[in-house]
Amino acid sequence: MKQITQSEWNSIPASYKGMWTQELYEFRRGDFPSEWIGRKTMLDYDPKSGGTILLTEGVGFVIVPDTPKS
């Protein structure tokens, strides 16, 4: 699972991140688990396939707190 810091998350352009919503769930006719509604999503590069993939928070990535600078 990919780990990113809160600062890294904040720096991702809005067009590359989003959130699963009830409206999207209904539009896609429930083709993803309903417990994902409200979770963040992000597009990322996959070096294995050489393409772009959609990651879901808690499944493909996790946001960790920034570490304090010493």
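Residues in the sequence shown are numbered from 5 upward in steps of one, following my numbering.
A virtual CB, placed ideally from N, CA and C, is assigned to each residue, including glycine.
Which two residues bound the contiguous beta strand (DSSP E) that contains residue i?
{"i": "TYR49", "result": "44-50"}
{"i": "PHE65", "result": "65-68"}
{"i": "GLY22", "result": "21-23"}
{"i": "THR56", "result": "55-60"}
{"i": "THR9", "result": "6-9"}
At the level of alpha carbons, what is the spacing between residue i and residue j?
{"i": "GLU61", "j": "PRO72", "result": "23 Å"}
{"i": "ASP48", "j": "THR56", "result": "6 Å"}
{"i": "GLY34", "j": "MET23", "result": "15 Å"}
{"i": "SER38", "j": "ASN14", "result": "25 Å"}
Along the chain, where does the alpha helix (DSSP H) that runs through residue i open and close?
{"i": "TYR29", "result": "26-31"}
What do you get for residue i, buried or exposed, if any count of 16 or more other CB atoms within 10 angstroms of its CB means buried?
{"i": "MET46", "result": "buried"}
{"i": "LEU58", "result": "exposed"}
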